[in-house]
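What follows is a short report on a single structure.
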Amino acid sequence: MPDTVLAERRAGLPQLVLLLAGSCLSVLGAVLIAPVLPQMTDHFAGVPGAGVLVPIVLTVPALIIGLTAPFAGLIADAVDRKRVLIIAMVGYTIFGTAPLHLDSLGAIIGSRILVGLCEAAIMTCCTTLIADYWSGPRRSRYLGLQTLLASVSATVFLGIGGALGSAGWRTPFWLYAVAVLLAVPMQLLIWQPARVARTGKLPPLPWRKLRVPCLVTLAGGVVFYALIVELSFVLDEAGVTATATIGALSALMSLATAIAAGSFARLSGRTPRALLPVAFGSSAAGFLIIGAGGGAIPVITAGAVLTGAGTGLLLPVLLTWATNGLSFAERGRGTGLWTGSLFVGEFLSPILITGLSGALGGLRPALGALGVATAILAVAMAAIVPRSATPLNITQD
187 MPDTVLAERR AGLPQLVLLL AGSCLSVLGA VLIAPVLPQM TDHFAGVPGA
237 GVLVPIVLTV PALIIGLTAP FAGLIADAVD RKRVLIIAMV GYTIFGTAPL
287 HLDSLGAIIG SRILVGLCEA AIMTCCTTLI ADYWSGPRRS RYLGLQTLLA
337 SVSATVFLGI GGALGSAGWR TPFWLYAVAV LLAVPMQLLI WQPARVARTG
387 KLPPLPWRKL RVPCLVTLAG GVVFYALIVE LSFVLDEAGV TATATIGALS
437 ALMSLATAIA AGSFARLSGR TPRALLPVAF GSSAAGFLII GAGGGAIPVI
487 TAGAVLTGAG TGLLLPVLLT WATNGLSFAE RGRGTGLWTG SLFVGEFLSP
537 ILITGLSGAL GGLRPALGAL GVATAILAVA MAAIVPRSAT PLNITQD
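Residue numbers (my numbering): 187 to 583.
Written out as structure tokens, the structure reads:
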């Protein structure tokens, strides 16, 4: 049966602030406890395989997001975006703070799996609601702002995690309680969009339209996450051991990402066919500079800034390209599929780079090889992106 269009409330700044804040929670989950992993390893030194299991505490939520975000999108479309979001926010706090009381490493990993499930729902619902509430240039601007804040918050959360970690490895887990504090105003100010009332089952997803953007996003996740994970190791190989210096250079890369993401609104009148070669090309240039630079700190910094700028533009272009042509009844599932593709790519990124490092004899050669692959991808965008792709600030709701 066809959908019926209903009257709709108008969203404003309060809704935008809440949805952007919710979008940052997956970043918090990805980086907050990174500074305390050595302390956790020492604490669980008597547990067999602790050296492998403790890093999984950090990385397993990203894998779970990648595997379950499409299902979160299905539930959001079939049930209710707001209800799924509020339940996931409360669950995020319950499971995120669980390691404060758990003494088993296995139980902590189990709680982190549940955190990943909640993050998948939160990220999918927040992004879907942004696309529901706004259209056209404002949607492009706010999706770019989402990427910008995610980049800035990564640096902020790393600093907070390190500061809280000085009081013990459990202390940073208290910060997961922020989700339940956000859930209260979300319950009051966020609403389930009433754009359409379905009188039948969900329409099928336009797989042909989503297939190419999601496959490119899978590769984009590998590119996006590479230096976020590896920059500190590159600097360490180059002789930079001071955490303050590493943090400052990482922050400089994050600043480049944020500036590029902020420019997306002005560039969104162009098509993904025009912007993706620029985004992948800038990232490739950064990887190649680092790979061929001989370990000089200014060269590494220049490469990191170029790559950061490329990835800052990359994510909002990919997200807007994937979701702009989706109807209200398709948008949750499409956003979930895109989110899953991104996080699977992010999870695979360090694995692929580790494999390349072993094959090529070092981290910098591995990043150079990734630069070559990314450059090929940039050139291939002319053939991969359909000529029919519309400007990113044109919505087809």
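Glycine is no exception: its CB is placed at the ideal position from the N, C-alpha and C atoms.
As the structure is a computational prediction, the values presented were derived from the model and not from experiment.
For residue i, three-class secondary structure by DSSP
i, result
"residue 225", "helix"
"residue 190", "Confidence at residue 190 is low in this model, with a pLDDT of 41, below 50, so the placement of that residue should be treated as unreliable; the coordinate-derived value is given next. DSSP places residue 190 in strand when its eight states are reduced to three."
"residue 232", "coil"
"residue 575", "coil"
"residue 268", "helix"
"residue 427", "coil"
"residue 393", "helix"
"residue 197", "coil"
"residue 357", "helix"
"residue 332", "helix"
"residue 479", "coil"
"residue 403", "helix"
"residue 210", "coil"
"residue 455", "coil"
"residue 241", "helix"
"residue 204", "helix"
"residue 378", "coil"
"residue 460", "helix"
"residue 566", "helix"
"residue 218", "coil"
"residue 388", "coil"
"residue 352", "coil"
Whole-Å CB distance - residue i paired with residue j, under 8 Å assumed
i, j, result
"residue 499", "residue 450", "6 Å"
"residue 313", "residue 521", "5 Å"
"residue 466", "residue 563", "5 Å"
"residue 458", "residue 571", "5 Å"
"residue 439", "residue 369", "Actually they do not touch by this definition, with Cβ atoms about 32 Å apart."
"residue 400", "residue 508", "6 Å"
Same chain, Cβ closer than 6 Å to residue i, five either side skipped, listed in chain order
i, result
"residue 260", "519"
"residue 468", "492, 495, 496"
"residue 444", "334, 337, 338"
"residue 306", "251, 254, 255, 258"
"residue 529", "248, 251, 252"
"residue 288", "294"
"residue 197", "319"
Test item: CB-CB of residue i and residue j under 8 Å
i, j, result
"residue 272", "residue 201", "no"
"residue 365", "residue 211", "yes"
"residue 300", "residue 420", "no"
"residue 330", "residue 532", "no"
"residue 347", "residue 221", "yes"
"residue 286", "residue 394", "no"
"residue 206", "residue 378", "no"
"residue 403", "residue 527", "yes"
"residue 388", "residue 284", "no"
"residue 349", "residue 213", "no"
"residue 442", "residue 557", "no"
"residue 462", "residue 567", "yes"
Spatial neighbours of residue i in its chain, beta-carbon cut-off 7 Å, leaving aside the 5 residues before and after
i, result
"residue 554", "473, 474, 477, 478"
"residue 342", "none"
"residue 246", "295, 298, 299, 302"
"residue 488", "475"
"residue 310", "255, 258, 259, 262, 518, 521, 522, 525"
"residue 204", "368, 371, 372, 375, 376"
"residue 268", "376, 377, 378"
"residue 551", "477"
"residue 504", "399, 402, 403, 406"
"residue 391", "516, 519, 520"
Any non-hydrogen atom of the ligand MN closer than 7 Å to residue i Cβ
i, result
"residue 294", "As for the ligand MN, it is missing from this structure, which has no ligand bound."
Own chain, CB closer than 8 Å to residue i, minus 5 neighbours either side, in chain order
i, result
"residue 485", "475, 476, 479"
"residue 416", "536, 539, 549, 553"
"residue 573", "459"
"residue 230", "236, 239, 240, 291"
"residue 363", "279, 282, 283"
"residue 345", "433"
If you scan the region 282-306 from start to end, which runs of the beta strand (DSSP E) of 3 or more residues do you find wholly inside it?
none
Curious, which full-length alpha helix (DSSP H) runs of at least 4 residues does the region 487-564 contain?
For the region 487-564, whole alpha helix (DSSP H) runs of length 4 or above, ordered along the chain, are 514-546.
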